[in-house]
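Below is one structure; the comments refer to it alone.
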Amino acid sequence: MDWGKVIYVFFSLMSLTSIAGFLYEHSATALFAAGSLNLVSTFLKIGVRNLLSAELLASSLVADLHLIPAFIYLQVVGNIEWAIALTIGALIANVFSMGLVYIESSKNRDDY
1 MDWGKVIYVF FSLMSLTSIA GFLYEHSATA LFAAGSLNLV STFLKIGVRN LLSAELLASS
61 LVADLHLIPA FIYLQVVGNI EWAIALTIGA LIANVFSMGL VYIESSKNRD DY
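Counting from 1, one number per residue, gives the positions in the sequence shown under UniProt numbering.
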């Protein structure tokens with residue numbers, strides 16, 4: 001078992017579920033947790049060298065660049081609508097990222 005892959009998939013899934021939690025209960029704590037987990041996931045994907053590593057990193061960066069402004073809009077500006085809109089963009093980027101992980105996993109299984 002590749003423990004590095006387990007860890008970065010874990011953080012990716014945690015970020016995805018935290019985003020869903022924020023969309024259910026609009027709290028700054030949930031959004032901060034989702035952004036923090038996504039940043040950890042992004043840093044873990046920097047060292048990954050596999051077939052779709054560039055796409056995985058790009059989708060994680062897109063999610064970061066949605067979650068950070070969403071938190072700023074929620075806390076500083078106080079605009080919940082913009083925060084939700086940006087968080088939905090991050091959710092889509094994370095769903096895309098998880099789809100890439102599944103594709104990559106199926107390709108790796110074919111190699112055995």
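Here a beta-carbon is modelled for each residue, glycine too, at the ideal position from N, C-alpha and C. Note that the coordinates shown come from a computational prediction; the quantities given were computed from them, not determined experimentally.
Checklist entry - Exposed or buried, which one is Asn50 when buried takes at least 16 other CB atoms within 10 Å? => result exposed
Checklist entry - Grouping DSSP H, G and I as helix and E and B as strand, with all else coil, what is His66? => result helix
Next on the checklist: Among Val48, Gly21, Ile68, whose alpha-carbon lies nearest the alpha-carbon of Gly35?
Outcome noted: Ile68
Item to check | Where Met1 falls: helix, strand or coil (DSSP) | outcome: coil
Checklist entry - Rounded to a whole number of angstroms, what is the C-alpha to C-alpha distance between Leu52 and Leu23? => result 29 angstroms
Checklist entry - How about Leu100 and Leu31: are their beta carbons less than 7 angstroms apart? => result no
Checklist entry - Does DSSP put Leu52 in a helix, a strand or coil? => result coil
Item to check | Nearest-angstrom Cα separation, counted from Ile92 out to Tyr8 | outcome: 18 angstroms
Next on the checklist: Just to confirm before moving on: does the CB-CB distance between Ser60 and Lys45 stay below 7 angstroms?
Outcome noted: yes
Item to check | Endpoints, alpha helix (DSSP H) assigned at Leu37 | outcome: 28–46
Checklist entry - Is Tyr73 buried or exposed, if buried means 16 or more other CB atoms sit within 10 Å of its CB? => result buried
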